[in-house]
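Below: one structure, written as structure tokens.
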Amino acid sequence: MKRLLLALVLPACAVGPAAAAPPARVVADPWPRSPVLLRLYALPASARDRERLTRALNLAPAEVAELRRLARSEAADSEAGRHVLGRQEATQLNVRIAAHRAEKDRKVRALLGGRYPAFRAWVRLWWASQVKAAR
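Take the sequence shown: its letters are residues -20 to -1, 1 to 115, numbered as in mature numbering (1 follows the signal peptide of the UniProt record, and there is no 0).
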């Protein structure tokens, strides 16, 4: 317990240049744990961003259709969370959602092949801009 208390007190006592500047907010990589595809493909406000992603990765219509399908699976996971009644159900749902996220990532990797790293980079930048705009 003393270590925890010490860790909480020390940052408040910082001195020097680091103490003068507020801590920088780092936006975590949202993929695959956040509903990135749902935001891109289900929200009308994201139409321009969808077009940018399509151009940036040179996505074929069939690839866009698959990303839309995966977005619907993200929506289903989000909806399932609204119907959880107890701790055991929540635990089971979390296990299912974790499996869905891993499967979504596997499918996007297979779909995009060598463009997958570019997709991840694009998503990180886009997500950071979304977070910044929301603040």
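Backbone N, C-alpha and C fix where the C-beta goes; we use that ideal spot for every residue, glycine too.
- The segment 21 to 31 makes no contact with the segment 88 to 99: fewer than 3 CB pairs, one atom from each, lie closer than 8 Å.
- Burial check for residue 62: the Cβ neighbour count within 10 Å stays below 16, so the residue is exposed.
- Under the DSSP assignment, residue 111 falls in the alpha helix (DSSP H) whose first and last residues are 96 to 114.
- For residue 41, the three-state secondary structure derived from DSSP is helix.
- In this structure, residue 12 lies near residue 81, with their beta-carbon atoms less than 8 Å apart.
- Taken atom to atom, the span from the alpha-carbon of residue 97 to that of residue 115 is near 27 Å.
- Taking C-beta separations shorter than 7 Å and ignoring five residues to either side along the sequence, the partners of residue 29 in its chain run 20, 106, following chain order.
- Sequence-distant partners of residue 92 (beyond 5 residues in either direction) whose C-beta falls short of 6 Å from its own C-beta, in its chain, are 99.
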